[in-house]
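Just add 1 to wherever you are in the sequence shown, counting from 1, and you've got our numbering.
Written below as structure tokens is the structure these notes are about.
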Amino acid sequence: MDGCIIETERLMLREYTLNDLDALYEIMSDPETMQHYPAPFDMDRTRGWISWNLDNYKRYGFGLWAVTLKGTGTFIGDCGITIQDIDGDMLPEIGYHIHKAHQRQGYAKEAARAVRDWVFGNTDYDVIYSYMKYTNIASQATAMANGMRKVKEYPDPKNTISYAYAITRSRWTALTDERQETL
2 MDGCIIETER
12 LMLREYTLND
22 LDALYEIMSD
32 PETMQHYPAP
42 FDMDRTRGWI
52 SWNLDNYKRY
62 GFGLWAVTLK
72 GTGTFIGDCG
82 ITIQDIDGDM
92 LPEIGYHIHK
102 AHQRQGYAKE
112 AARAVRDWVF
122 GNTDYDVIYS
132 YMKYTNIASQ
142 ATAMANGMRK
152 VKEYPDPKNT
162 ISYAYAITRS
172 RWTALTDERQ
182 ETL
């Protein structure tokens, strides 16, 4: 597929375009999907989200990418790597949002795992993080499923309390080696 950054068994991750605005707004404006954010996004904030990622692509060579279903091309969310303020440090962070109609089907885990592998294969980062509001049990489970461990709990004005999970390059290498041995 043209513009594909990452391909998994079921998903294609590609750069955002402004044509993704309506599909992303459906996700970001939903109170249930955005329950761990201070508030759902309006159309302007959603447009700003896409613009921020387009800027990230130019600045860093990565950002959050549109997640689409491989068979149909249906836009179901985003996943990627951004630089985030995690307890006062600007760190590489895997983030994702999946449309509520497609949650609990392993898409966030599959996309986040592919992004983790992409980051370690294409950047010099030795540690990758995911952070989330303390109430976001699903994101904690996704982080752990991808080999991350909880490394920090800290007060956060946006989230009251945030948890940070991380995986090191050496742990990722060990996990990758283990997977290869079982094949």
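Heads up, the beta-carbon is just placed ideally off N, CA and C, and yes, glycines get one too.
In the displayed model, Tyr38 falls within coil according to three-state DSSP, outside both helix and strand. Under DSSP, the beta-bridge partners assigned to Phe76 are Thr69.
Per the C-alpha coordinates, the member of Gly72, Met29, Val68 and His103 positioned closest to Gly49 is Met29. Under a 10 Å Cβ-count criterion, Gly72 is classified as exposed, with fewer than 16 other Cβ atoms of the shown protein chains found around its own Cβ. Sorting Met145, Thr136, Val120 and Val152 by C-alpha distance to the C-alpha of Tyr38 places Thr136 at the top. A buried status is given to Lys110, since no fewer than 16 other beta-carbon atoms sit within 10 Å of its beta-carbon. For the 8 Å CB-CB criterion, Gly62 and Gly81 do not form a contact.
For the pair Ala115 and Ile7, the Cα-to-Cα distance works out to about 7 Å.
Looking from the CA of Val152, the closest CA among Trp173, Asp23, His103 and Asp88 belongs to Asp88. Residue environment for Gly74: exposed (fewer than 16 other C-beta atoms within 10 angstroms of its C-beta). Comparing C-alpha distances from Trp53 to each of Met133, Ile84, Ala139 and Cys5 shows the shortest one belongs to Ile84. The shortest CA-to-CA distance from Thr169 to any of Gln106, Glu94 and Arg105 is the one to Glu94. Take Leu14, set aside five residues on each side of it, and the residues of its chain with a beta-carbon closer than 6 Å to its own are Ile6, Ile7, Trp66 and Val68, in chain order. Between the C-alpha atoms of Asp157 and Ser163 there is a straight-line separation of about 6 Å. A distance below 6 Å between beta-carbons, with the five flanking residues on each side excluded, links Ser140 to the following residues of its chain, in chain order: Met133.
With fewer than 16 neighbouring CB atoms inside 10 Å of its own CB, Gly122 falls in the exposed class. Contact check for Asp79 and His103: beta-carbon distance about 12 Å, past the 8 Å limit, so the pair fails to qualify. A Cβ-Cβ contact shorter than 8 Å links Tyr26 with Thr47. Of the other Cβ atoms in all chains shown, 16 or more fall within 10 Å of the Cβ of Ser131; this residue is therefore buried.
Secondary structure note for Gly49: its alpha helix (DSSP H) is the uninterrupted segment Met44 to Tyr61.
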